[in-house]
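Residue numbers (the numbering used here), protein chains in the order written: chain D, 1255 to 1336; chain E, 86 to 476. From the three backbone atoms N, C-alpha and C, an ideal C-beta is built for every residue, glycine too. Right, one structure below, let's go through it.
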Amino acid sequence: MNISVCVGSSCHLRGSYNIIELMKSNLARYGLTDRVNLGAAFCLGKCTEGVSIRFDDEIVSGVSTDNFDQVFRQHVLEPLGL
Amino acid sequence: MTELCTDIGYYSLNKKGEQLCGDHIDVIEPDGDNTITAVLADGLGSGVKACILSTLTSKIISTLMANNISIEECVETIAATLPVCSVRGVAYSTFTILRIVDNREAEIIQFDNPHVILLRGGKHLDYPEEERIIGGKKIYRSRVALQEGDIFLAMSDGVIHAGVGMTLNFGWLRENVIDFLELMYDPDFTAKTYSTILLNECNRLYEGMPGDDTTVLAVKVRRRQPVSLMIGPPRNPDDLREMHERFFGEEGRHIVCGGTTSKLAAEYLGKTVETCMDYLDPEIPPIATIDGVDLVTEGVITFSRVLEYAQNYLEDNTRYTDWSYKRDGASLIARMLFEQATDIHFYVGRAVNPAHQNPNLPINFNIKMQLVDNLADCLKKMGKRVQVTRY
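Structural data, given as structure tokens:
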């Protein structure tokens, strides 16, 4: 699986740094660092009230530290059958 | 673009408790004339009186010299013009004149300031001095053929008196200043950086309380280096191709700023944008790479930081310690624009990003345009040739 966290101006201001840190620690916690390619992307064109993340071909926007766990479960753990 | 050019930087520390500096620097670079005249004057005493004396002296000399009036006449004019100090009965200001002619030769004229230090290839070089008496004043005159990388440092005596009776018994001597400069030498440093590094050391020796006005003027001889920077897509999408053709047709280095801007640039080059995930500075978005572009960064946030660094550079340059070695986008742009570039061409696209026109975000269109204008002004004040083309 390929995950790209948007680090464009708008997402950056809404917390890309924290989301990347959360993503790194969660991937490590579930032992997924070999199965998931984590990267960054400039503007994904979905500037909303939160950070945008691309999971393979699907873009999820509005991610924050509050809803991160739910997004991670729905878009990483479940598709990987965990 | 391969000819030599000069980079001039200077700064002063005021004597403790003084609001005015008794040292003054004046730089004159007449249009259409390839001669730059820089004068460093140190007025007798301190405060208002010294400030007036040194300002008059540097202004008179630089103006007369720039009009090809002989040094004899300059000195006589100063002696006849300066107000006489009621306490000491003399009109007095020491001075150092550095004239760079055609970027080929330096003429140095010195009266009573510590003698100009010349570093060539990072090592101190003695140059011949011819002594003359003009109007009862002993004046030294030298001519030096310039080489790429030469650095001339003129200073007021506050530099060599730094630390007297405090950290050092007798201050540091010109030889010690030379040792310090040779030790700190880095061919990438700008003239401004040399002047602030030396002044910071003086301030340290003075324990933050300078006993005299202390000034350093640095002149560095270097080759021209053009850098072009593109930020923002054009307002009219039909202009995109022309903007790219002109931007990538520029000689020298290329910087692309902004997410959409870099995506479009990569498409033009037939490459991809590889965004880096490392947040080297949590406040500055990570950089990216595009094959064929020297530096790719995010836009407005990175740019705001570069502007902060530029404004500080024109002041005491204390944030130099941040941008001089860090690898985040703002530091990389700062090094490329402040240190490497002599000629900068901004390609500014005026397309409005609708997603950014949110009152809660400090990245709207007006802010972006203002950032570019302010940065261009700062770069001009650094002595760079700046051109802005808007699309």
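Name the DSSP bridge partner or partners of E/Val473?
-> Beta-bridge analysis with DSSP links E/Val473 to E/Phe431.
Cβ-based burial, E/Asp111 [other Cβ within 10 Å; buried from 16] = Burial call: buried.
When Cβ atoms are compared, which residues of the region 362 to 380 of chain E fall closer than 8 Å to chain D?
-> Closer than 8 Å at the C-beta level to chain D, one finds these residues of the region 362 to 380 of chain E: Met362, Tyr364, Pro367, Pro370, Pro371, Ala373.
Between E/Leu354 and E/Val381, is the Cβ-Cβ spacing less than 9 Å?
-> Between E/Leu354 and E/Val381, the C-beta spacing is not below 9 Å.
E/Ser143 to E/Asp297, Cα distance in whole Å?
-> Computed Cα separation, rounded: 19 Å.
First through last residue of the beta strand (DSSP E) which encompasses E/Gly190 | In the sequence as displayed, the identity of residue 190 of chain E is Glu instead of Gly. 190 to 196 is the extent of the beta strand (DSSP E) around E/Glu190.
Taking buried to mean at least 16 other C-beta atoms within 10 Å of its own C-beta, is E/Asn402 buried or exposed?
-> By the neighbour-count criterion, in which a residue is buried when 16 or more other Cβ atoms sit within 10 angstroms of its Cβ, E/Asn402 is buried.
Using a Cβ-Cβ distance under 9 Å, would E/Leu446 count as near chain D?
-> In terms of beta-carbon proximity, E/Leu446 lines the interface with chain D, with at least one pair separated by less than 9 Å.
Helix, strand or coil at E/Met421 [DSSP, three-state] | If DSSP states are grouped into helix, strand and coil, E/Met421 belongs with the helices.
Helix or strand or just coil, what does DSSP make of D/Met1277?
-> Judged by DSSP in its simplified three-state form, D/Met1277 adopts helix.
Given that D/Gly1316 touches chain E, what residues does it touch there, using C-beta distances under 7 Å?
-> In chain order: nothing, as chain E lies at least about 13 Å away.
When you compare only the Cα positions, how much space is there between D/Leu1334 and E/Val437?
-> Roughly 40 Å between the two C-alpha positions.
Beta strand (DSSP E) segments (min. 3 residues) lying fully within the region 200 to 245 of chain E = The region 200 to 245 of chain E contains these whole beta strand (DSSP E) runs: 202 to 205, 215 to 219, 222 to 230, 236 to 240.
Rounded C-alpha distance that separates E/Leu238 from E/Cys463 = In a straight line, the C-alpha of E/Leu238 is about 23 Å away from that of E/Cys463.
Beta carbon of E/Glu359 nearer than 9 Å to that of E/Pro370 | Contact: no.
Near-chain D residues of the region 384 to 411 of chain E (beta-carbon distance less than 7 Å), N- to C-terminal order = So the list reads Gly384, Val385, Ile386, given in the order they occur along the chain.
Please list the residues of the region 1296 to 1311 of chain D that have a C-beta atom closer than 7 Å to any C-beta atom in chain E, keeping them in chain order.
-> Answer in chain order: Phe1296, Cys1297, Cys1301.
Closer than 9 Å to chain D by CB, E/Ala440 | At least one chain D Cβ lies under 9 Å of E/Ala440.
Check the Cβ-Cβ distances between E/Val358 and every residue of chain D, and say whether any is below 9 Å.
-> Yes, its Cβ sits closer than 9 Å to a Cβ of chain D.
Of the residues E/Leu399, E/Arg189, E/Leu460, E/Thr387, which one's Cα is nearest the Cα of D/Gly1262?
-> Per the Cα distances, E/Thr387.
is_contact[E/Asn288, chain D] using C-beta, thresh 9 Å | Not an interface residue.
Three or more beta-carbon pairs under 8 Å between the region 338 to 348 of chain E and the region 307 to 323 of chain E, yes or no?
-> Yes, the region 338 to 348 of chain E touches the region 307 to 323 of chain E.
Going by the beta-carbon positions, is the gap between E/Glu424 and E/Thr275 smaller than 9 Å?
-> In contact: E/Glu424 and E/Thr275 (Cβ atoms closer than 9 Å).
According to the neighbour-count rule (16 or more other Cβ atoms, all chains shown, within 10 Å of its Cβ), is D/Val1305 buried or exposed?
-> Classification of D/Val1305: buried, given that the 10 Å Cβ count is 16 or more.
Beta carbon of E/Asp187 nearer than 9 Å to that of E/Gln310 | Note that the C-beta distance between E/Asp187 and E/Gln310 is not below 9 Å.
Span separating the alpha-carbon of E/His430 from that of E/Leu253 | Cα-Cα distance, rounded: 47 Å.
How is E/Leu365 classed by DSSP in three states: helix, strand or coil?
-> Three-state result, E/Leu365: coil.
Proximity test, Cβ basis, 9 Å: D/Ala1294 and chain E | So, interface residue.
Interface positions of the region 339 to 355 of chain E facing chain D (Cβ-Cβ less than 7 Å), listed along the chain = Cβ contacts with chain D come from Gly344, Thr345, Ser347, Lys348.
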